[in-house]
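In this note's numbering, the protein residues as written are 7 to 150.
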Amino acid sequence: MKLIVEDSIGRTISDFLLDGRTYNQNGVSTIVDFDVPEVVSLTSEQVSMVPENGSYSIDVSAVVKDANLDYVEPSIQGFTPRSISRPDNQNEPHVFNYLLPAGSYDFTLRVKDKVHPESQHPLRIEVEAASIPNLSISRQSKGR
């Protein structure tokens, strides 16, 4: 968008200072965006029942669609993701991998585009502990 200042006698200038910001003949970058970011899918999956130091690998996947996406931030109080995979296009999921002990967790996904305010999307995650296998050995004796 190009801004031009015009005074009361019709003179115009394209280079000026307004509210501490400098504007020039190049104009102002403008984003026209009527769509808020859409979280199409938000799921969790326990990747393995084999514990790592008493915790289990959990993947949280989120498909977020928006042409002007600014950020997608995961959070579980007290834990940080081990890894974050960002998609190449908006039809693929963001994947956040956590290492969590067995229990219930409140996950929150915060998303924002360059125009609209941040929105939050909650997900309850249940991490199941591995069951301990039972082993029994028996012996049959013949004739005695």
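Note that beta-carbon positions come from the ideal geometry of N, C-alpha and C, so glycine has one too.
A Cβ-Cβ distance of about 7 Å is found for the pair ALA73 and ASP39, placing them in contact under the 8 Å criterion. Bridge pairing for LYS118: TYR77 [DSSP].
Residue pairing by DSSP puts PHE85 in a beta bridge opposite ILE82. With distances taken between CA atoms, VAL53 lies nearest to VAL133 out of ARG17, VAL133, LEU141. Assigned with DSSP and collapsed to three states, VAL56 falls in coil, not helix or strand. For GLU134, no beta strand (DSSP E) run applies, since DSSP gives it neither H nor E.
In this structure, the beta-carbon distance from ASN103 to SER81 does not fall below 8 Å. Taking 8 Å as the cut-off, the Cβ atoms of SER61 and LEU106 count as close.
Setting aside the 5 residues that flank it on each side, PRO57 is surrounded in the same chain by ALA136, each with a C-beta closer than 7 Å to its C-beta; the list follows chain order. Cβ atoms of VAL117 and VAL78 come within 8 Å of each other, at about 5 Å. DSSP, read as helix, strand or coil, puts ALA108 in coil.
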